[in-house]
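Everything on this sheet refers to the single structure shown next.
Chains as they are written, first to last, in the working numbering: chain A, 2 to 272; chain B, 11 to 309.
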């Protein structure tokens, strides 16, 4: 991992730790309404000011970070697990299962990803799990396709042939011999996708399809406060800056992982 | 192509079936006479099995019928026809900004002799990819129209209204294009045919324009096709911020009011245009890359 990626990882770490321990660090409750202190510019008491209900922007932004980063990482894990399973089965067994699964993958890739995520999240009751499901049900396809391609080439490798020759069963070959080779690739993909998941989560929050108010998320803070941008820009700047910085750091980590891993460099170069 | 379209309608149909609430209740109210509910079920066919319902859905789609909005009772298809050209204008303007800028930045990054230029452009492009459009749009609006009073902050209209949303929409696409162009130029730069061109005495300019640019266009066209999809997604956010009266804002209004026919209509239209654009990209390939003309049928 290069220096840039290390710095990026530390920045995300700091943001996440700050948001988890926000309630110990900042005296303000992120959801407490205080009508005596509405739309106050940044000051010593409220370092980033307050919104139009008198809630402290800093504590809300940090509380939002916990949700946004949590959802994105959770969605990445689910996408990775689903993509790995589908990719392994599809690539190793081939045949009808492969045809059907890859047709589904192509179908989902035919949708603009945010549009499909919107379609799925309007169906379910709004909340954290809905966002995770919406992101993951679009996200798994990239993992599945990547892993399948890798499995196709691994399947022909001499060591797999050797394992077959000494009588290993399919399941054993898949789990013991092929899966460990795919996991690093899946992690690289996860690193590259996380930045996008942060943006998707924020976009769903902005559209009102994310975790519902009064709980703060970065996306919903921006949509709730955007009407005040002219008079009170401090209400909109911090959550957006945090989205951008977090997404940037994940993207930097993803790039560095890709460049450091030969198999991924070939397969993911244009991303 | 037809199987793909069929698949897309299958997904939108499943989404529609999975929607919360029973359409019959929303037509007659929940406290109606059970006989009347049964009669309406038979009339609209929701008592039939799922396959014939899907067949019915397809026939309606083939007739261009996307249902009526729950709130305005207007035909969704008609509204979409009115709004689509606005989104198309916005997407074209965004392309007109993103493509030349992205190509130039990518070329500059790959070909510049100074490492700092490459580094700066790469850093800028990864930042562009990480910006949420609904936030960068607000910042642009704040700086360019509210503070500097150069452009109107929102509304639908001529070029002056078009610029801000188009700039916002073009940012991520510009960044992707710059990245892809840079990587492909770096690939091609070291190929033997470039060395040959240099050896026979061609000037730098000619090598870039005739030999490199032409080969770079293939991955770049792919990205342009994919980016069009991101325009359609991004339009939901950008149009909302700038009050641009296109499909995106229509979808957003639908989402807020949970006006399901509107949402589903927008999803269907966006996806079909996305697929069509990628199909056009496949055709463009064959012009750009003679190898594809031969291999075209195997792919």
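Glycine included, C-beta positions come from ideal geometry on N, C-alpha and C.
Item to complete: Find the residues of chain A that neighbour residue 285 of chain B, judging by a C-beta separation of less than 7 Å, and give them in chain order.
Response: Neighbours of residue 285 of chain B on chain A, chain order: 111.
Item to complete: Determine, using beta carbons only, whether residue 139 of chain A and residue 85 of chain A come nearer to each other than 8 Å.
Response: No, the pair does not count as a contact, with Cβ atoms beyond the cut-off.
Item to complete: Starting from the C-beta of residue 290 of chain B, find all residues in its chain whose C-beta is less than 8 Å away, skip the five residues before and the five after it, and write them out in chain order.
Response: Taken in chain order, the residues that qualify are 235.
Worksheet item: Given that residue 213 of chain B touches chain A, what residues does it touch there, using C-beta distances under 9 Å?
Response: Near residue 213 of chain B there are no residues of chain A at all, since even the closest Cβ is about 29 Å away, more than 9 Å.
Practice prompt. Given a cut-off of 8 Å, decide if residue 187 of chain B and residue 220 of chain B are closer than it, judged by their beta-carbon atoms.
Written response: Against a cut-off of 8 Å, the Cβ pair of residue 187 of chain B and residue 220 of chain B comes out as no contact.
Worksheet item: In whole angstroms, what is the alpha-carbon distance linking residue 30 of chain B and residue 164 of chain B?
Response: Rounded to the nearest angstrom, the gap between the Cα atoms of residue 30 of chain B and residue 164 of chain B is 34 Å.
Worksheet item: Which partner residues does residue 51 of chain A have in the DSSP bridge list?
Response: Looking at the DSSP output, residue 51 of chain A shares a beta bridge with A:57.
Worksheet item: Whose Cβ in chain B lies nearer than 7 Å to the Cβ of residue 239 of chain A?
Response: Residues of chain B with a Cβ closer than 7 Å to the Cβ of residue 239 of chain A do not exist; the shortest Cβ-Cβ separation is about 10 Å.
Practice prompt. Give a yes or no on whether 8 Å exceeds the smallest Cβ distance from residue 145 of chain B to chain A.
Written response: At least one chain A Cβ lies under 8 Å of residue 145 of chain B.
Worksheet item: residue 176 of chain A lies in the alpha helix (DSSP H); which residues open and close that run?
Response: If you look at residue 176 of chain A, you'll find it isn't in any alpha helix (DSSP H); DSSP assigns it neither H nor E.
Fill in: Whether residue 239 of chain B touches residue 249 of chain B by CB criterion (8 Å)
Not in contact: residue 239 of chain B and residue 249 of chain B (Cβ atoms no closer than 8 Å).
Worksheet item: residue 85 of chain B bridges to which residues according to DSSP?
Response: B:78, per the DSSP bridge assignment.
Item to complete: Check whether the Cβ atoms of residue 131 of chain B and residue 108 of chain A lie closer than 8 Å to each other.
Response: It is not a contact, given that the beta carbons lie outside the stated cut-off.
Worksheet entry | alpha helix (DSSP H) runs contained entirely in the region 222-260 of chain A, provided each spans 4 or more residues | Segments of the alpha helix (DSSP H) lying fully in the region 222-260 of chain A: 238-260.
Worksheet item: Per DSSP, what kind of secondary structure is residue 288 of chain B in: helix, strand or coil?
Response: Reduced to three states, the DSSP call for residue 288 of chain B is helix.
Fill in: CB contact below 8 Å: residue 256 of chain A versus chain B
Yes, residue 256 of chain A counts as interfacial toward chain B.
Worksheet item: In chain A, which residues lie with their C-beta within 9 Å of the C-beta of residue 246 of chain B?
Response: Simply 115, 116, 119, 204 and 208.
Fill in: Assumed close pair residue 234 of chain A, residue 260 of chain B - CB separation to whole angstroms, cut-off 8 Å
Contact flag wrong, Cβ pair sits at about 29 Å.
Worksheet item: Run through DSSP, which three-state label would residue 73 of chain B get?
Response: In the structure shown, the three-state DSSP call for residue 73 of chain B is coil.
Practice prompt. Could you check what DSSP says for residue 11 of chain A in three-state terms: helix, strand or coil?
Written response: In the three-state DSSP reduction, residue 11 of chain A falls in the helix class (H, G or I).
Fill in: Check whether residue 198 of chain A and residue 254 of chain A have beta carbons under 8 Å apart
For the 8 Å CB-CB criterion, residue 198 of chain A and residue 254 of chain A do not form a contact.
Worksheet item: Shorter than 8 Å from the beta carbon of residue 200 of chain A to some beta carbon of chain B?
Response: Output row for residue 200 of chain A: interface = yes.
Worksheet item: Does the separation of the CB atoms of residue 39 of chain A and residue 49 of chain A fall below 8 Å?
Response: Cβ atoms of residue 39 of chain A and residue 49 of chain A: not closer than 8 Å.
Fill in: Any chain A beta carbon closer than 8 Å to residue 140 of chain B
Yes, because at least one Cβ of chain A sits closer than 8 Å to the Cβ of residue 140 of chain B.
Worksheet item: Just to confirm, are residue 1 of chain A and residue 17 of chain A a CB contact at a threshold of 8 Å?
Response: Nothing about residue 1 of chain A can be read from this structure; chain A reaches only from 2 to 272.
Item to complete: Give the single residue among A:5, A:8 and A:243 whose Cα lies nearest to the Cα of residue 141 of chain B.
Response: The option with the nearest alpha carbon to residue 141 of chain B is A:243.
Worksheet entry | Cut-off 6 Å between Cβ atoms - residues of its own chain near residue 141 of chain A, not counting five sequence neighbours on either side | Excluding residues within five positions, the ones whose Cβ falls inside 6 Å are 80, 83 and 84.
Worksheet item: At what residues does the alpha helix (DSSP H) containing residue 21 of chain B begin and finish?
Response: Residues 12-28.
Practice prompt. Determine whether the Cβ of residue 28 of chain B lies closer than 8 Å to any Cβ atom of chain A.
Written response: It does; some Cβ of chain A falls within 8 Å.
Discussion item. For residue 307 of chain B and residue 155 of chain B, what's the separation of their Cα atoms in angstroms?
Written reply: At residue 307 of chain B, the pLDDT of 47 sits below 50, so the modelled position is not reliable; the number obtained from the coordinates is stated separately. Distance between residue 307 of chain B and residue 155 of chain B, taken at the CA atoms: about 51 Å.
Discussion item. Short of 7 Å Cβ to Cβ, which residues in the region 221-250 of chain A face chain B?
Written reply: The region 221-250 of chain A vs chain B, Cβ under 7 Å: 223, 227, 230, 231, 234, 237, 241, 244, 245, 248 and 249.
Item to complete: With 7 Å as the limit, tell me which residues of the region 176-202 of chain A have their beta carbon closer than that to any beta carbon of chain B; keep them in chain order.
Response: Per Cβ criterion, the list reads 196 and 200.
Item to complete: Apply the 10 Å Cβ neighbour rule to residue 241 of chain B and answer buried if 16 or more other Cβ atoms are within range, or exposed otherwise.
Response: Taking all protein chains shown into account, residue 241 of chain B has 16 or more neighbouring C-beta atoms within 10 Å of its C-beta and is therefore buried.
Worksheet item: Where does residue 309 of chain B fall in DSSP's three states?
Response: Low confidence applies to residue 309 of chain B: its pLDDT is 37, below 50, so where it sits in the model is not reliable enough to give any reading.
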